[in-house]
Amino acid sequence: MSPTLNFASSLSSYRLAHHKTAAAIKIQACVHGWVRRVQYRRLVYTVTQLQAHARGCWARQRFTHMRRVRALYDIKLSSSLGHCDTEARASVGDPASLPMAMRGIVTLQGLVKCYLARRTLKKLKIEAKSMEHQKRLNKGLEKKIMSLQHKKGENMCINGYKEEIIALKSRVAEMKGVDKQLKASHSQLSQMEQRIAQLTI
Numbered sequence: 290m291s292p293t294l295n296f297a298s299s300l301s302s303y304r305l306a307h308h309k310t311a312a313a314i315k316i317q318a319c320v321h322g323w324v325r326r327v328q329y330r331r332l333v334y335t336v337t338q339l340q341a342h343a344r345g346c347w348a349r350q351r352f353t354h355m356r357r358v359r360a361l362y363d364i365k366l367s368s369s370l371g372h373c374d375t376e377a378r379a380s381v382g383d384p385a386s387l388p389m390a391m392r393g394i395v396t397l398q399g400l401v402k403c404y405l406a407r408r409t410l411k412k413l414k415i416e417a418k419s420m421e422h423q424k425r426l427n428k429g430l431e432k433k434i435m436s437l438q439h440k441k442g443e444n445m446c447i448n449g450y451k452e453e454i455i456a457l458k459s460r461v462a463e464m465k466g467v468d469k470q471l472k473a474s475h476s477q478l479s480q481m482e483q484r485i486a487q488l489t490i
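Here it is in C-alpha cells:
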C-alpha cells in the first residue's frame with residue numbers, strides 16, 4: 290500500500306473518530322442536562338412538600354394556641370361576672386397567691402389590653418397622619434386658589450384695557466371720518482362762495 294493511501298485512510302479514521310467524539314460529547318451534555326432537570330424538579334417538589342407540611346403544622350399549632358387563649362379569655366369573662374367566690378376576689382391583689390389558672394387569666398388580660406392599646410395607638414397615628422396630609426392639601430389648594438384669583442384679576446384688568454383701547458380706536462376712526470367730512474364741506478363751501486361771487490359780478 291502506498292503512503293498516500295495510508296495517509297488518506299488515517300485521515301478518514303481521524304475524522305471519523307473526531308465526529309464520534311463530538312457526537313458523544315453532545316449526547317453526554319444532553320443526558321447530563323436532562324438528569325439535572327429531573328433532579329431539580331424533584332428537589333423543588335420535595336422542598337414544596339416540606340414547606341406545605343411545615344406551614345400546616347404551624348397553622349395547627351397556632352389554631353390550638355388561639356383556642357386555648359380564647360378559652361382563658363372566656364374564663365376571665367365569666368369570673369368577672371361574679372362566678373368567683375369572695376376568697377378568690379380577696380386574693381386577686383397578690384399575683385403570687387392566685388391559682389395557676391387565675392395567674393394565666395391575669396396575664397392574658399394584660400396581653401389583651403396591651404394589644405388593644407397598641408391597635409388604638411396605631412389607629413390614632415394613622416388618623417393624625419391623614420389629618421396632617423389633609424391640612425397640607427388644603428393649604429396647597431388655598432394657595433392655588435389665591436394664585437388663580439390673582440391671575441383672574443390681572444386678566445380682567447387686561448381685558449378692560451383691551452376693551453378701552455378698542456373703544457378709543459373706534460372713536461379715533463369716527464373722528465377721522467368727521468374730519469374728512471369737514472374738509473370736504475369746507476372745500477364745497479369755498480367752491481360755492483367762488484361761484485356766488487362769479488354770479489354776482
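Using the working numbering, you'd call the opening residue of the sequence shown number 290 and step up by one each time.
Even for Gly, the Cβ is constructed at its ideal location relative to N, Cα and C.
Since the model is a prediction, treat every value here as computed from it, not as a measurement.
Here the C-alpha atom of A348 lies approximately 12 Å from the C-alpha atom of Q340. With contacts defined by Cβ atoms closer than 7 Å, L437 and L397 do not form a contacting pair. Per the coordinates, the alpha-carbon of E453 lies some 31 Å from the alpha-carbon of S474.
Of all alpha-carbon atoms in K315, V358, M464, the one lying nearest the alpha-carbon of V401 is that of V358. If one requires a minimum length of 4 residues, no alpha helix (DSSP H) run lies completely within the region 407-458.
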